[in-house]
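In the working numbering, the protein residues as written are 243 to 717.
Notes to accompany the following structure.
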Ligand SMILES: Cc1cc2nc3c(=O)[nH]c(=O)nc-3n(C[C@H](O)[C@H](O)[C@H](O)COP(=O)(O)OP(=O)(O)OC[C@H]3O[C@@H](n4cnc5c(N)ncnc54)[C@H](O)[C@@H]3O)c2cc1C
């Protein structure tokens, strides 16, 4: 299958020596327990949980630097770990080595409301940050469905339902502190709102999935909480009509704050899991934010678009608890789908296409599912042209897994043919390695040169992002 690429591991690693030196540095904060090692390699999908040899719990930047130096001396892989919610085998240890758990570095170091920014350690989670900010009138908008760490979100270039208005992690990181593969500590970027100074190293580390350095501090942009926020739901006769309504909304530049698609099957799962009673039809969850009068005008225009596409506008919710319930249900789609498929294991796709091709890509994908007798949840951040299909198989059913992976491959081919990408937000990890060459062509050489320059020993999260050079066969 496309996903199974052979990873080549170093032959000269001295894991025992690394463990001995790390034990004297960290004491009980180096765990060799099997359950801990498996937990640190096991993501929420069916990607294999390839465990590291040990898990190191770091508590300071100086400690991270020393851990990196020890691993470099012993040629031992180091796999950074935040909350372990990534979806593409990012945290697996195909060559063994040390999982570096950064979740204890979770201090919010500084909030500067006058500059709309803050400085945090990598283990701070997005919910922790937003509850800390509650009384400041500011918030951090990037909201993957899981309570991920900021370090993990930087490293996967994460986004979520708010990206259509606030952008992704790529647009919301001002500066970083990073421990490089030789233990050296650098800072990138500044607190200025813009800079034309040199190569943009900040954005190089955003989305690098821990393969170029360990992020130990992040300066994030913050945003003011809008005066009025109104969320609503509308349903459509078919998924194509829902997508056409999204396309028109984005093309006329209606400033929608969130616009999310759930197909009819997903609505049934959400109703059961989140105790809702929505009509089981393709549905858009939408939100507008701003000042009172402008918002009502925007909602009126949007309602017209919905009706033009045969949709039924539902009720609008302004009260925070009503909106919260709605978005909680949206964020819980993955768990709703899991609970509708008890005992099964999951995989999720993540293509993103230019907005004008969204309807075509989604409807062709739905046809493909029907033609191959596959069922699953279709859900997406459609304002960005990004959607997921979540599919399930019994844990030991390799035939069904292969059928699903073949479907995922066709979906990526479809997105690439539309000038889109294999992954809008989840990243490459190990699961999407096979698409890198097709998507990036010769640019992959430049990526390899960067990796070689920054991590010549290939100790930082080996086997991720860059497919193996010599074994680019489909296994
Ligand atoms: C239910 C559910 C819903 C989700 N919804 C979304 C969504 O809407 N949008 C989205 O983008 N993602 C989504 N995700 C995926 C996931 O939440 C994101 O990929 C998230 O950014 C991972 O953060 P984490 O802290 O869990 O990182 P981890 O999974 O621990 O690590 C992710 C990667 O970052 C590296 N890393 C972690 N910390 C550091 C560090 N300090 N320095 C260097 N490298 C580091 C790791 O080595 C790994 O490669 C969802 C996941 C789930 C389970």
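Quick reminder that beta carbons are idealized off the backbone N, C-alpha and C, glycines included.
For residue 329, the shortest separation between its Cβ and any heavy atom of ligand 1 lies below 6 Å. The DSSP-derived three-state label of residue 282 is coil. Taking a contact to require three or more Cβ pairs closer than 8 Å, the region 457 to 468 and the region 381 to 389 qualify as touching. If you draw a straight line from the Cα of residue 635 to the Cα of residue 617, it is about 10 Å long.
Per the DSSP secondary-structure output, residue 457 pairs in a beta bridge with 420.
Relative to ligand 1, the beta carbon of residue 703 is positioned inside 6 Å of a heavy atom. Per DSSP, the continuous alpha helix (DSSP H) segment holding residue 485 begins and ends at 481 to 493. The C-beta of residue 302 has fewer than 16 other C-beta atoms within 10 Å across all chains shown, which makes the residue exposed. In this chain, the alpha helix (DSSP H) harbouring residue 411 covers 411 to 414.
Between residue 309 and residue 298, the C-beta gap is smaller than 7 Å, which places the two residues in contact. The beta carbons of residue 502 and residue 510 sit no closer together than 7 Å. Listed in chain order, the beta strand (DSSP E) elements of length 3 or more contained wholly in the region 297 to 345 are 320 to 323 and 340 to 343. Shown here for residue 263: same chain residues with a beta carbon closer than 6 Å to its own, the five before and five after excluded, namely 312 in chain order. Taking C-beta separations shorter than 8 Å and ignoring five residues to either side along the sequence, the partners of residue 690 in its chain run 708 and 711, following chain order. With a threshold of 6 Å, the Cβ atom of residue 667 counts as near ligand 1, since some heavy atom of the ligand is closer than that.
For ligand 1, no non-hydrogen atom lies closer than 6 Å to the CB of residue 305. Within the chosen limit of 6 Å, ligand 1 does not reach the beta carbon of residue 634 with any heavy atom.
Ligand 1 approaches residue 344 closely enough that one of its heavy atoms is under 6 Å from the residue's Cβ.
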